[in-house]
Structure formats: C-alpha cells, structure tokens
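One structure is given here, and the rest of the page talks about it.
In the working numbering, the protein residues as written are 147 to 257.
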C-alpha cells in the first residue's frame, strides 16, 4: 500500500513539473514582450518603469536562470505577483477560484 501511494505521489509530482515546464516554455515562445503583456494594452511606461518590471519578473536574466528561479519559487509555494490586481497571486487565487454555476458536475461533488 505504501509503495502504491509513493508511486502515485511520484507520478503526481512529475505531472506538476511537466505542466509547470510546459507553461514556462509556452510563455517564452509567445511573440511579443512580456513586460508589455504585464503592463496591459495601451499603457505608456517610462523606460525606467519597464526596466524595473523586467528586473522584478526576472526577464533580464538568462533563460536557464529564469527557469530555475521560477521552479524554485513554485517549490516553496510562491506563485508570483499580480501587477494588474496589485497583490500576490497566492492571495488572489483562492478568492477567485470558485466553481462556476454552469459546470456540469452535480452539487454533491462540491462542498
């Protein structure tokens, strides 16, 4: 039984690592500037602000370093900072992740 649980936990960790890596690579592959995407469309930002945001999110570092830093943050539960909402994602996410009423699962599955 313990062996089965450990195998399942190992498989779950591999899936989470794969999803995090795929997401990281997808964000890197999208054309355009990440800083522009974070600041939002039509935002006029000074070069100093753009440099500060780039330094905050780490896009001014080499790609391998960005990946290792991001995975390290995920390991300790740091999901990042929402520039649009002005608060950490770990505080925003639980409040906004509720079950939409149009999901097909019955209410007995949700507590």
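Glycine included, each C-beta is placed from N, C-alpha and C at the ideal position.
Legend entry - Residues near residue 205 by beta carbon distance below 6 Å, same chain, minus five either side: Taking the first residue of the chain shown as position 1, residue 205 is located at position 59. Contacts found: 180.
Inset, instruction - Measure the Cβ-Cβ separation of residue 226 and residue 235 and say whether it is below 7 Å. - result: Numbered from 1 along the chain shown, position 80 holds the residue referred to as residue 226. Numbered from 1 along the chain shown, position 89 holds the residue referred to as residue 235. Yes, the pair counts as a contact, with Cβ atoms nearer than the cut-off.
Inset, instruction - Could you name the residues that DSSP lists as bridge partners for residue 90? - result: In the structure as shown, the chain begins at 147 and stops at 257. Residue 90 is therefore absent and cannot be evaluated.
Legend entry - Contact check, residue 170 vs residue 213, beta carbons under 7 Å: Stepping through the chain shown from its first residue, residue 170 is reached at position 24. Stepping through the chain shown from its first residue, residue 213 is reached at position 67. Against a cut-off of 7 Å, the Cβ pair of residue 213 and residue 170 comes out as a contact.
Inset, instruction - Below 8 Å CB to CB, which residues in the same chain sit around residue 231 once its five sequence neighbours on both sides are set aside? - result: As a working note, residue 231 is residue 85 in the chain shown. Once the five neighbours on either side are set aside, the close Cβ partners of residue 231 are 238.
Inset, instruction - Would you tell me roughly how many angstroms separate the C-alpha atoms of residue 208 and residue 155, rounded to the nearest one? - result: Residue 208 sits at position 62 when you count from the first residue of the chain shown. Residue 155 sits at position 9 when you count from the first residue of the chain shown. Spanning the two alpha carbons is a distance of roughly 32 Å.
Inset, instruction - Quick one: using the 10 Å Cβ neighbour count with 16 as the cut-off for buried, is residue 195 buried or exposed? - result: Residue numbering aside, residue 195 sits at position 49 when the chain shown is read from its first letter. Residue 195 comes out exposed.
Inset, instruction - Taking all protein chains shown into account, decide if residue 242 is buried (16 or more other Cβ within 10 angstroms of its Cβ) or exposed. - result: Counting from one through the chain shown, the residue named residue 242 turns up at place 96. Classification for residue 242: exposed.
Inset, instruction - Please classify residue 216: is it buried, with 16 or more other beta-carbons within 10 angstroms of its beta-carbon, or exposed? - result: Position 70 of the chain shown, counting from 1, holds the residue named residue 216. By the neighbour-count rule (16 or more Cβ atoms within 10 Å), residue 216 is buried.
Inset, instruction - Using 10 angstroms around the beta-carbon of residue 160, count the other beta-carbons present and answer buried if the total reaches 16, otherwise exposed. - result: Counting from one through the chain shown, the residue named residue 160 turns up at place 14. Exposed.
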